[in-house]
Each structure stands twice: as structure tokens, then as C-alpha cells.
Amino acid sequence: MEKRNLRKERIGVVTSSKMDKSIVVSEVKRVKHPMYGKFVLKTKKYVAHDEKNDCNEGDTVRIMETRPLSRTKSWRLVEIIERAK
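Using this note's numbering, read the sequence shown as starting at 16 and increasing by one per residue.
Here you go:
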């Protein structure tokens, strides 16, 4: 039996859910500036597959890497951690 590689997982906030079965998830990281030492916010956006269309903007979600589903989608929704208030 062939062992599958570990898949990357990210936790972020849904910034857009206007598409059909797709969501945009933003992951914000605090990175220390190499020279000045100030913490800078870096944002990375992922387009993820949402099969049941049950995410809304502001939800905190966990996404997992998967095979490419379209030109920009190579992540899928694993779970909704917290709903938007």
C-alpha cells in the first residue's frame, strides 16, 4: 500500500464567497522586518473549493492542499472553525 504525503493546512478568514463553490481565504502572518525589527502584517490569499457553498465572509476556516481543481484553485475547505458574528 502506497503512503500518501502530508498535505499542507492553513487557517484563515474568508474574504470572499461570491463565487459558486469557491471561497477566497486570507492568511495573515506577523513577520519581523529583517533590518528595522518592526512587525509587519503579510497577507496571503488562497482560492479554495467549498463543495456545499456553506461559507460566508468573515468565517474562520481550515483549508487543505489538494490537486489543482482549476487555474487558481488548489486548496479545499476542511472545516469551518468559527462563524462570523
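The beta-carbon is built from N, C-alpha and C at its ideal position, and this holds for glycine as well.
- Between the segment 50-57 and the segment 70-87 there are fewer than three inter-stretch CB-CB distances shorter than 8 Å, so the stretches are not counted as touching.
- DSSP, read as helix, strand or coil, puts His-48 in coil.
- Bounds of the beta strand (DSSP E) holding Arg-91 are 90-97.
- With contacts defined as CB atoms closer than 9 Å, Gly-27 and Ser-37 fail to qualify as a contacting pair.
- Between the alpha carbons of Asp-74 and Lys-23 lies a distance of about 20 Å.
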